[in-house]
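**Q** Numbering (my numbering), first residue to last: 1258 to 1311.
Glycine is no exception: its CB is placed at the ideal position from the N, C-alpha and C atoms.
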Amino acid sequence: MEKIKIEQHGFTAFSWFAGWLFTIGFLNLSFWKGVLAIALWPYFIGVAVSSFVR
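(1) By Cβ distance, which residues of its chain are closer than 7 Å to I1281, with the 5 residues on each side in sequence left out?
(2) Between K1260 and H1266, what straight-line distance do the alpha-carbon atoms span, to the nearest angstrom?
(3) Mapping the DSSP letters down to three states, classify I1302 as helix, strand or coil.
(4) If contacts are defined as beta-carbon pairs under 8 Å, then L1284 and F1301 qualify, I think. What distance do you get, rounded to the angstrom?
Right, here's the structure in full:
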């Protein structure tokens, strides 16, 4: 009989959620930009960090 291996990927979802909340707080995004940041938070962080690097 084969063993069934079950993997849980809850940490990945938590990391994504934590990154999204960090982006909203760090960049002081408005509500609708915060909603947009659900999918694009790495972009918003990249734009903010690139302004510090220059």
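**A** A quick look at the data gives this:
(1) G1291, A1294
(2) Between the alpha carbons of K1260 and H1266 lies a gap of roughly 19 Å.
(3) helix
(4) 6 Å
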